[in-house]
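Protein chains in written order, with the working numbering: chain P, 149 to 263; chain E, 149 to 263. Below is one structure, written out as structure tokens; comments come after it.
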């Protein structure tokens, strides 16, 4: 049976979040898709990784979620056997005002342009 | 003697610039330093790579400028033996309104926070 420690995922605290890591995390189309999806949920609403159908393998998906979590973009917690994710909007907006929204707007504009 | 072709550097046209590549280019502290420097110049002013003293080797510096150029963040042209660089602000602002300024503001805030 996993211990409480094994079931807790590492996250940077707000002061440890770095712009370079956030930009790197957002520089991949699959990770951008995850953030777009999570940012579109109601405030504070969590989603399981399985809620979004990514065109990648399970292990690649897990990798992308981990990059997002370790960069400070999302928070992940276990609820029973499900790993639930939520965007750290409050932390991001406090550190980098407007950045998340500007990137999501740019992403939406690009998808319109390329479709 | 280099031909005209050899002296011309490849750049994506505006429509080829991709958000993911721009974010990746900006996700490195040295490249962020270059963009910060170039964005601080007067409108249209070019700078030689040697104008900025980066804490990296010449070949690493050349690599970083190339990543920025291929992502569409900067334009580079030869003037005699010097390679001159300028931020593609007009292209970036047209494609991703506010993105460059938001990133530079976030970068400035982070540097204040960490200093």
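Glycine included, C-beta positions come from ideal geometry on N, C-alpha and C. Being a predicted model, the structure only gives us computed values, none of them experimental.
{"Asked": "Partners in chain P for residue 177 of chain E, counting only beta-carbon separations shorter than 7 Å", "Found": "168"}
{"Asked": "CB contact below 9 Å: residue 184 of chain P versus chain E", "Found": "no"}
{"Asked": "Helix, strand or coil at residue 195 of chain E according to DSSP, with G and I counted as helix", "Found": "strand"}
{"Asked": "Distance, residue 226 of chain P Cα to residue 172 of chain E Cα", "Found": "30 Å"}
{"Asked": "Close beta carbons around residue 150 of chain E, own chain, < 8 Å, minus the five adjacent residues each side", "Found": "Low confidence applies here, because residue 150 of chain E scores a pLDDT of 47, under 50, leaving its location unreliable and the question unanswered by this model."}
{"Asked": "As assigned by DSSP and simplified to three states, the class of residue 259 of chain P", "Found": "helix"}
{"Asked": "Bridge-paired residues (DSSP) for residue 222 of chain P", "Found": "P:235"}
{"Asked": "Proximity to residue 241 of chain E [Cα-Cα], best of E:200, E:210, E:221 and E:260", "Found": "E:221"}
{"Asked": "Given 8 Å, three or more beta-carbon pairs between the stretch 228-242 of chain E and the stretch 243-250 of chain P", "Found": "no"}
{"Asked": "Closest Cα partner of residue 157 of chain P within the set P:168, P:215 and P:252", "Found": "P:215"}
{"Asked": "Rounded C-alpha distance that separates residue 162 of chain P from residue 169 of chain P", "Found": "13 Å"}
{"Asked": "Residue 183 of chain P beta carbon less than 9 Å from that of residue 202 of chain P", "Found": "no"}
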